[in-house]
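Going line by line, the protein sequences match chains A and D. The opening position of the first sequence corresponds to residue 1 in my numbering, with each subsequent residue numbered one higher. The opening position of the second sequence corresponds to residue 1001 in my numbering, with each subsequent residue numbered one higher. Quick reminder that beta carbons are idealized off the backbone N, C-alpha and C, glycines included. Everything numeric in this text was worked out from a predicted model, so none of it was measured.
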Amino acid sequence: MKEGVAVPADELVITWEGQPVRVTVVGEIDLATREQFKQALARMLGADGDTRLDLRGVPFMDTHSVTAVVHCAERLHREGGRLIVEHPPSSLVRVFQILWADQNGSRLHIAGERDEQ
Amino acid sequence: MTTSGPPQRSDAGLVHEAMPYLDHDQMGAATSEYIRAALARDQPVLVELPAEGMDRIRDLLGPDARRVRFGDLTQDGRNPARIIPGVIHPFLEDHPGRRPAIVTEPVWPTRSAAEYAGCVEHEALVNLAFADQDVSILCLYDLAALPSQALADVERTHPALREGQVARVSAGYMDPRTVLGTISRLQPETPADAERVDFTVVAQARHVAAEWGRRAGLTSDRLTDVLIAISEVSGNSVAHAGDGGTVLCWQDSGSLVYEVRDGGHIEDLLAGRLPPPAEQESGRGLLMVNLLCDLVQMKSGPEGNVIRLWMTLPSNGGSHRHRI
Chain A
1 MKEGVAVPAD ELVITWEGQP VRVTVVGEID LATREQFKQA LARMLGADGD
51 TRLDLRGVPF MDTHSVTAVV HCAERLHREG GRLIVEHPPS SLVRVFQILW
101 ADQNGSRLHI AGERDEQ
Chain D
1001 MTTSGPPQRS DAGLVHEAMP YLDHDQMGAA TSEYIRAALA RDQPVLVELP
1051 AEGMDRIRDL LGPDARRVRF GDLTQDGRNP ARIIPGVIHP FLEDHPGRRP
1101 AIVTEPVWPT RSAAEYAGCV EHEALVNLAF ADQDVSILCL YDLAALPSQA
1151 LADVERTHPA LREGQVARVS AGYMDPRTVL GTISRLQPET PADAERVDFT
1201 VVAQARHVAA EWGRRAGLTS DRLTDVLIAI SEVSGNSVAH AGDGGTVLCW
1251 QDSGSLVYEV RDGGHIEDLL AGRLPPPAEQ ESGRGLLMVN LLCDLVQMKS
1301 GPEGNVIRLW MTLPSNGGSH RHRI
């Protein structure tokens, strides 16, 4: 992960674009920043059609925050929408594979690979 | 108690038996007969053994082997703390309303003393984790290849012992909590010259763990696993232990060992062994730690928590990776 990025460890930079909703997050998501991230996920609920979550500026996500993304995706799916996660960190992919990949109930769409570390 | 194959009858709850053996042919014959009896009762069967034992059972079962799910426990259960959440629990989840029969062999000759202690802990916890589940678990023990205290450990962690098709009550069986109190969880000792950094936020612990991992030569996949695992453990330190903790690191026998110490206390004996309900957002941190690491040692008491995460280094473990 990159050192010296101008993002404080305890705060994320989250930007919104209108319809269709596209949310861009920059910063590491763990205990220190998780609540801020989960508030953004909560705001995404209720959006129509495809909702995009751009994580290319996120070097790391912990298990709890990946779980929150999966739950958000399931909720959007039940409401007839779709969550598309773009360029997620390897930690999201790994946690998702291990805990949910073989479950039919999970509706997380992942777009875009990226190089790690 | 005398039965043929996995106990049938009403079969409420857990039947956790051990079959110590000296002769591999006799073990093969008895185990394949146990499996055939389970298949005859339409029980789903999982066989998780080191490869050699697995091949032996598969050959003896012949065409019946197609009705059995096989797995290599030296991969799936390399971390003894992974056997409950990564092997047994998923098989039960896949067969709701049935009574699965599971054959395992958690100890093999190259297990380290630290791993062996983890296996005893695992066996004791099986009695708590699945106390109310309808499942038969048969654990094979190769006495010729095990430490001298193995038979006593087998007897105190299994309510019943099996010789061939005859099962009897284990006279040495002990309350799992009593067994857990006797296990030496932190062997070997932390080296005096281990790297050491105090942290008050998770990112500090994660960044230094990544640096140590990179320097030791962990592959990028395993480094991802370290970042996840260290974030969960240090997150508990920051959230529950007041003022953070200390992360240490050293190498031991081809593994990179991380240790996190804090002033907290983990009361749940089954922490990290079973997943929370699907809709619950928290409670998967230590579960992920157990699923990802090659060995996890956890000691919690009045003096605080010490949690160790072992990651096999590439030069020793080749391209080893957990199957998931």
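In this structure, D/L1060 sits away from D/E1105, with a CB-CB distance that is not shorter than 8 Å. Shortest Cα-Cα distance from D/L1049 to any of D/I1102, D/G1285, D/P1302, D/T1219 involves D/I1102. Taken atom to atom, the span from the alpha-carbon of A/A32 to that of A/T51 is near 25 Å. Distance check between D/I1307 and each of D/S1234, D/H1240, D/E1267, D/W1250 places D/S1234 closest, using alpha-carbon atoms only.
If the five residues before and after D/T1312 are omitted, its C-beta is found closer than 7 Å to the C-beta atoms of G1254, S1255, D1294, H1320, all from its own chain and listed in chain order. The straight-line gap separating the alpha-carbon atoms of D/H1240 and D/R1273 is approximately 19 Å. By the rule that beta-carbons nearer than 8 Å mark a contact, D/V1238 touches chain A.
Note on geometry: alpha-carbon atoms of D/G1118 and D/I1266 lie some 17 Å from one another. Less than 8 Å divides the Cβ of D/V1289 from the Cβ of D/A1229. As DSSP reads the structure, D/N1305 sits in a beta bridge with D/D1262, D/S1300.
By the Cβ-count criterion, A/G81 is buried, with 16 or more other Cβ atoms from all chains shown falling within 10 Å of its own Cβ.
Shown here, D/Y1034 sits in a helix according to DSSP, grouped into three states. The beta carbon of D/I1088 does not come within 8 Å of any beta carbon belonging to chain A, so the residue lies off that interface. Non-local C-beta neighbours of D/G1242 in its own chain, meaning closer than 7 Å and more than five positions away in sequence, comprise G1263, ordered along the chain. At a cut-off of 8 Å between C-beta atoms, D/T1246 does not count as an interface residue with respect to chain A. One finds E1232, G1235, E1281, S1282, G1283, R1284, G1285 in chain D with Cβ atoms closer than 9 Å to the Cβ of A/H64, taken in chain order.
At a cut-off of 8 Å between beta-carbon atoms, D/A1203 makes contact with chain A. The three-state reading of DSSP puts D/Y1173 in coil, since its state is none of H, G, I, E or B.
D/H1016 sits in a strand when the DSSP states are folded into three classes. Under the three-state reduction of DSSP output, A/A42 falls in the helix class.
In terms of CA proximity to D/A1210, D/D1225 leads the group D/D1225, D/A1124, D/L1092. With a 10 Å radius around the Cβ and a threshold of 16 neighbouring Cβ atoms, D/L1022 comes out exposed. Among the residues of chain A, those whose CB is under 8 Å from the CB of D/I1228 are D62, T63, S91, R94, V95, following chain order. With a minimum length of 3 residues, the unbroken runs of beta strand (DSSP E) contained wholly in the region 1065-1112 of chain D fall at 1068-1072, 1101-1104.
Following the DSSP letters along the chain, one finds D/R1222 inside the alpha helix (DSSP H) bounded by residues 1220-1240. Here the C-alpha atom of D/Y1116 lies approximately 19 Å from the C-alpha atom of D/D1175.
Taking a C-beta cut-off of 8 Å against chain D, the contacting residues of the region 11-30 of chain A are E28, D30, listed in chain order. Taking C-beta separations shorter than 6 Å and ignoring five residues to either side along the sequence, the partners of D/C1139 in its chain run A1018, T1104, following chain order. Relative to the Cα of D/Q1280, the nearest Cα in the group A/P20, A/M61, A/A68 belongs to A/A68. Between D/L1291 and D/R1082, the C-beta spacing is below 8 Å.
Your pair D/R1056 and D/A1065 does not check out as a contact, with CB atoms roughly 11 Å apart and the cut at 8 Å.
A residue is called buried once 16 or more other Cβ atoms fall within 10 Å of its Cβ, and D/T1031 is buried on that count. If you ignore the 5 residues before and after A/G112, its C-beta comes within less than 6 Å of the C-beta of E86, H87, all in its own chain and listed in chain order. With a threshold of 16 other beta carbon atoms within 10 Å, D/W1108 meets it and is buried.
DSSP, read as helix, strand or coil, puts D/Q1251 in strand. With fewer than 16 neighbouring CB atoms inside 10 Å of its own CB, D/E1163 falls in the exposed class.
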